[in-house]
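Asker:
There are 2 protein chains.
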Amino acid sequence: MIKVVLYEDNPQLREGLTMLIDGSEGFTVLASYKNCDHVKDEVEAWNPDVVMMDIDMPGTNGIEGLKLIRSVNTDVKVLMLTVFDDNKNVFEAIRSGANGYILKKTPPAKLLEYISEAASGGAPMTASIATQVLKMFSQVNELKSGDYNLSEREKEVLHLLVEGYSYKMIAAKMFIAIDTVRSHIKKIYEKLHVNSKSEAVAKAFKDRLV
Amino acid sequence: MIKVVLYEDNPQLREGLTMLIDGSEGFTVLASYKNCDHVKDEVEAWNPDVVMMDIDMPGTNGIEGLKLIRSVNTDVKVLMLTVFDDNKNVFEAIRSGANGYILKKTPPAKLLEYISEAASGGAPMTASIATQVLKMFSQVNELKSGDYNLSEREKEVLHLLVEGYSYKMIAAKMFIAIDTVRSHIKKIYEKLHVNSKSEAVAKAFKDRLV
DNA sequence: TGAAAAAGCACATATTTATGTGATTGGTAA
DNA sequence: TTACCAATCACATAAATATGTGCTTTTTCA
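Those protein sequence lines, which keep their order, are chains A and B. When you line the first sequence up against this note's numbering, it's residues 412 to 621, in that order. When you line the second sequence up against this note's numbering, it's residues 412 to 621, in that order.
(1) Of the residues G476/B, E436/B, T485/B, G437/B, which one's Cα is nearest the Cα of Y444/B?
(2) Between L417/A and V440/A, what straight-line distance do the alpha-carbon atoms span, to the nearest angstrom?
(3) Is the CB of S527/B under 7 angstroms away from at least one CB in chain A?
(4) Go ahead and label R619/B buried or exposed: buried means 16 or more other beta carbons lie within 10 angstroms of its beta carbon, across all protein chains shown.
(5) Check the Cβ of S607/A against every Cβ in chain B and list those closer than 7 angstroms, keeping chain order.
(6) Going by the CB atoms, is the gap between L569/B and I526/B shorter than 7 angstroms?
(7) Please report how far the alpha carbon of Y576/B lies from the alpha carbon of K478/A, in whole angstroms.
(8) Beta carbon of D486/A, beta carbon of A530/A: below 7 angstroms?
(9) Just to confirm, are Y578/B and I589/B a CB contact at a threshold of 7 angstroms?
(10) Reducing DSSP to helix, strand and coil, say where G437/B ends up.
(11) Residues of chain A with a CB under 9 angstroms from the CB of A534/B: which are they?
(12) Distance check for A520/B and G434/B, CA to CA, integer angstroms please.
(13) Please report the residue range of the alpha helix (DSSP H) in which G473/A lies.
(14) Using 10 angstroms around the beta-carbon of M430/A, count the other beta-carbons present and answer buried if the total reaches 16, otherwise exposed.
(15) Tell me which same chain residues have a C-beta within less than 7 angstroms of the C-beta of L571/A, skipping the five on either side of it?
(16) Where does A442/B sit, in a helix, a strand or coil, going by DSSP?
(17) CA-CA distance, A509/A and M464/A?
(18) Between Y512/B and I480/B, what straight-line distance do the alpha-carbon atoms span, to the nearest angstrom?
(19) Which two residues bound the contiguous beta strand (DSSP E) that contains Y418/B?
(20) Throw me the rounded Cβ distance for the L522/B and D496/B pair, which I believe falls under 8 angstroms.
(21) List the whole-angstrom C-beta distance separating I474/B from N498/B, where the pair is believed to meet the contact cut-off of C-beta under 8 angstroms.
(22) Within the same chain, show all residues whose beta-carbon is closer than 7 angstroms to that of D420/B, passing over the 5 residues directly before and after it, in chain order.
(23) Counting contacts by CB-CB distance shorter than 7 angstroms, is A504/A in contact with chain B?
(24) Let's test the definition: count the other Cβ atoms within 10 Å of the Cβ of M536/B and tell me whether it reaches 16, buried, or not, exposed.
(25) Assuming contact is defined by CB atoms lying nearer than 7 angstroms, are L561/B and I505/A in contact in what I supplied?
(26) Taking Cβ positions only, does F438/B come closer than 7 angstroms to chain A?
(27) Excluding the 5 residues preceding and the 5 following S507/B in the sequence, name in chain order all residues of the same chain whose CB lies nearer than 7 angstroms to its CB.
(28) Compare the C-beta of E610/A against all C-beta atoms of chain B and say whether one is closer than 7 angstroms.
(29) Using only the alpha-carbon positions, how far apart do V494/A and A613/A sit?
(30) Could you tell me the alpha carbon to alpha carbon distance between E436/B and L603/A, rounded to whole angstroms?
(31) Keeping to the same chain, check which residues put their C-beta closer than 7 angstroms to that of V592/B; ignore five residues upstream and five downstream.
(32) Beta carbons nearer than 7 angstroms to chain A: which residues of the segment 487 to 519 of chain B have them?
(33) Report, in whole angstroms, the separation of the C-beta atoms of G427/A and T542/B, which I expect to be a contact under 8 angstroms.
(34) Distance, Cα to Cα, A615/B vs E503/B?
(35) Quick one, which of N472/B, V483/B, I432/B has its alpha-carbon nearest E453/B's?
(36) Can you name, in chain order, every residue of its own chain whose Cβ lies under 6 angstroms from the Cβ of K451/B, other than the five neighbours on each side?
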């Protein structure tokens, strides 16, 4: 029996969801609330398997509610429920430890399936949400490409600079004179359009040259 | 009619999948291959809606294949197919622009559903994969919480250092004497366990203090 | 209430960095 | 074959940085 607690401000939808879930084999709704002002206590008291949390609620919103839950309980599965698949909330919810993210327009049968999936450790997502997540993910790891066409030797030097080596140490490590290190670094600064070691290091991090 | 091209080295599975998909209403398999050595030409020639790509193949593997496809075509939906939900491949596939990631043990009905979902712009994922993706996502954006308990003023100074300001400029910007800037920086170095500006900058980036 | 931080300032000095000018060598592309 | 560039080294100098010691004043916290 999957124990569910529900947070949804719209009375019709709250009742409808409660009846749907509670009336289905294998599911029970322990409680449902119209806001998550006391979500911590409530989740602790009921100890549900799954919390269904509306995002857009007056007072403490769903994301805040999720954070509150996570501050005391990292086990309970939290399914975020929303009307729109807008980017910002999806991102924030996932960051805050949501287990799934589904649209309200999801058909009833699918909804129950999603709840079971969440309860058994899955991460149910409406297709459009999943698409967004993947897109965000590849964006995060995209970028770089800041080429600056540094020569091989220059890349080596830059790398050592980033590692915190001094000119003297770099010279020793690369078996070249310190003046050669200077030459390389000067060239690197020109190419990166900077004029100090720390700026070069910062740029290396920003543009993922490291 | 959803047009599918299949890449799978195991002959039995390849035949099985072809028969399943091709035999289903609304789906057609244009071609199936046992490796993706000529994936670029093949995808261009067939122009499918969905490519199903096995990850573990001899020769050019699925990830490489995906990258090859993406180098010439960003529209076709690519569904990655694998036996294991191992972390590294999932990550790499998503980074490279996969549209979905499903396990081979997925039941036939579900498989067809996933293909349709991919074709219509969704991002079908096996539950265990979705869970992983969410986990990775929240890890990537985790705070890292490298605290070091810097004081407010020290954080300001560090921030300006990272921005590339010299001591003199920081002094001017913060309306304090350059010697005070030195004091702060010395303290910062102690707290971060570094002893140069560029090391501090590097650490700030690494530990997301910026 | 009293010690500990935090923030501010000053002076001194050694080291490191930044910048300039100039030269040699070997590879490579027009 | 000439011209360019990467890589190497040298000498010189100014500016910036790192480090040490020492001194107020204010805030914080046990």
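Every residue gets a Cβ at the ideal spot worked out from N, C-alpha and C, and that includes glycine. Given the structure is predicted, the values throughout are model-derived calculations rather than measurements.
Answerer: So, from the listed chains and residues:
(1) Within the second sequence, numbered from 1, the residue matching residue 444/B stands at position 33. Put simply, of G476/B, E436/B, T485/B, G437/B the residue whose alpha carbon is nearest the alpha carbon of Y444/B is G476/B.
(2) Working through the first sequence from its first residue, we reach residue 417/A at position 6. Working through the first sequence from its first residue, we reach residue 440/A at position 29. Near 7 angstroms, if we compare the C-alpha coordinates of V440/A and L417/A.
(3) Numbered from 1 along the second sequence, position 116 holds the residue referred to as residue 527/B. Chain A, which has no Cβ nearer than 7 angstroms to the Cβ of S527/B, makes this no.
(4) Stepping through the second sequence from its first residue, residue 619/B is reached at position 208. The residue is exposed, with fewer than 16 neighbouring Cβ atoms inside 10 Å.
(5) As a working mapping, residue 607/A is identified with position 196 in the first sequence. Under the 7 angstroms cutoff, chain B gives G575.
(6) Start at 1 with the first residue of the second sequence, and residue 526/B comes out as number 115. Start at 1 with the first residue of the second sequence, and residue 569/B comes out as number 158. No, these two residues do not count as a Cβ contact at 7 angstroms.
(7) Counting from one through the second sequence, the residue named residue 576/B turns up at place 165. Counting from one through the first sequence, the residue named residue 478/A turns up at place 67. Using only the alpha carbons, I get a separation of about 37 angstroms.
(8) To locate residue 486/A, count along the first sequence from 1; it is residue 75. To locate residue 530/A, count along the first sequence from 1; it is residue 119. With a cutoff of 7 angstroms on beta-carbon distance, D486/A and A530/A are scored as not near each other.
(9) For the purposes of this step, residue 578/B is taken as residue 167 along the second sequence, with counting starting at 1. For the purposes of this step, residue 589/B is taken as residue 178 along the second sequence, with counting starting at 1. Yes, the Cβ-Cβ distance between Y578/B and I589/B is below 7 angstroms.
(10) If you number the second sequence from 1, residue 437/B lands on position 26. Here G437/B sits in coil by DSSP.
(11) For the purposes of this step, residue 534/B is identified with residue 123 of the second sequence, where counting begins at 1. Here the neighbours are M536, A538, S539, I540, A541, T542, Q543, V544, L545, K546.
(12) As a first step, residue 434/B must be located in the second sequence, where it is residue number 23. As a first step, residue 520/B must be located in the second sequence, where it is residue number 109. Straight-line Cα distance between these residues: approximately 12 angstroms.
(13) Position 62 of the first sequence, counted from the start, is the residue given in the question as residue 473/A. Per DSSP, G473/A belongs to the alpha helix (DSSP H) from 473 to 483.
(14) Counted from its first residue, the first sequence places residue 430/A at position 19. Burial check for M430/A: the Cβ neighbour count within 10 Å stays below 16, so the residue is exposed.
(15) Counting from 1 along the first sequence, the entry for residue 571/A is found at position 160. For L571/A, where only same-chain residues beyond five positions count, the Cβ hits under 7 angstroms are I581, K584.
(16) Indexing the second sequence from 1 puts residue 442/B at position 31. Here A442/B sits in strand by DSSP.
(17) Your numbering for residue 509/A matches position 98 in the first sequence. Your numbering for residue 464/A matches position 53 in the first sequence. A509/A and M464/A: Cα-Cα distance of roughly 10 angstroms.
(18) Along the second sequence, read from residue 1 onward, the residue named residue 512/B stands at position 101. Along the second sequence, read from residue 1 onward, the residue named residue 480/B stands at position 69. Going from the Cα of Y512/B to the Cα of I480/B covers about 16 angstroms.
(19) Numbered from its first residue, the second sequence carries residue 418/B at position 7. That run of the beta strand (DSSP E) goes 413 to 418.
(20) Here residue 522/B refers to the residue found at position 111 when the second sequence is read from its first residue. Here residue 496/B refers to the residue found at position 85 when the second sequence is read from its first residue. At roughly 16 angstroms, the Cβ-Cβ gap does not stay under 8 angstroms, so L522/B and D496/B are not in contact.
(21) Mapped onto the second sequence, residue 474/B falls at position 63. Mapped onto the second sequence, residue 498/B falls at position 87. Contact doesn't hold; Cβ gap of about 13 angstroms is too wide.
(22) Within the second sequence, numbered from 1, the residue matching residue 420/B stands at position 9. Cβ within range, chain order: K445, N446, D465, M468, P469.
(23) For the purposes of this step, residue 504/A is taken as residue 93 along the first sequence, with counting starting at 1. A504/A does not count as touching chain B.
(24) By 1-based counting over the second sequence, the position of residue 536/B is 125. Buried, since its Cβ has 16 or more Cβ neighbours within 10 Å.
(25) As a position in the second sequence, residue 561/B is number 150, starting the count at 1. As a position in the first sequence, residue 505/A is number 94, starting the count at 1. Cβ atoms of L561/B and I505/A: not closer than 7 angstroms.
(26) Taking the second sequence and counting its residues from 1, the one referred to as residue 438/B is at position 27. No, F438/B does not count as interfacial toward chain A.
(27) Within the second sequence, residue 507/B is the residue found at index 96, counting from 1. Same-chain partners within the cutoff: I474, L477, K478, R481.
(28) Residue mapping note: residue 610/A aligns to position 199 of the first sequence, counting from 1. Yes, E610/A lies at the interface with chain B (some Cβ there is under 7 angstroms from its Cβ).
(29) Here the question's residue 494/A lines up with position 83 in the first sequence. Here the question's residue 613/A lines up with position 202 in the first sequence. Distance between the alpha carbons of V494/A and A613/A is about 41 angstroms.
(30) The residue you call residue 436/B lines up with position 25 of the second sequence. The residue you call residue 603/A lines up with position 192 of the first sequence. E436/B and L603/A: Cα-Cα distance of roughly 57 angstroms.
(31) Taking the second sequence and counting its residues from 1, one reaches residue 592/B at position 181. Counting only Cβ-Cβ distances below 7 angstroms, and skipping sequence neighbours, we find V568, Y578, I581, A582.
(32) Against chain A - using a Cβ distance shorter than 7 angstroms - the residues of the segment 487 to 519 of chain B are I505, R506, G508.
(33) Within the first sequence, the letter at position 16 stands for residue 427/A. Within the second sequence, the letter at position 131 stands for residue 542/B. With a Cβ gap of about 28 angstroms, G427/A and T542/B do not count as contacting.
(34) Position 204 of the second sequence holds residue 615/B. Position 92 of the second sequence holds residue 503/B. If you take the alpha carbons of A615/B and E503/B, they lie about 27 angstroms apart.
(35) Start at 1 with the first residue of the second sequence, and residue 453/B comes out as number 42. Comparing Cα-Cα distances from E453/B to each of N472/B, V483/B, I432/B, the minimum goes to V483/B.
(36) Walking along the second sequence from the start, residue 451/B turns up at place 40. So the qualifying residues of the chain are L479, V483.
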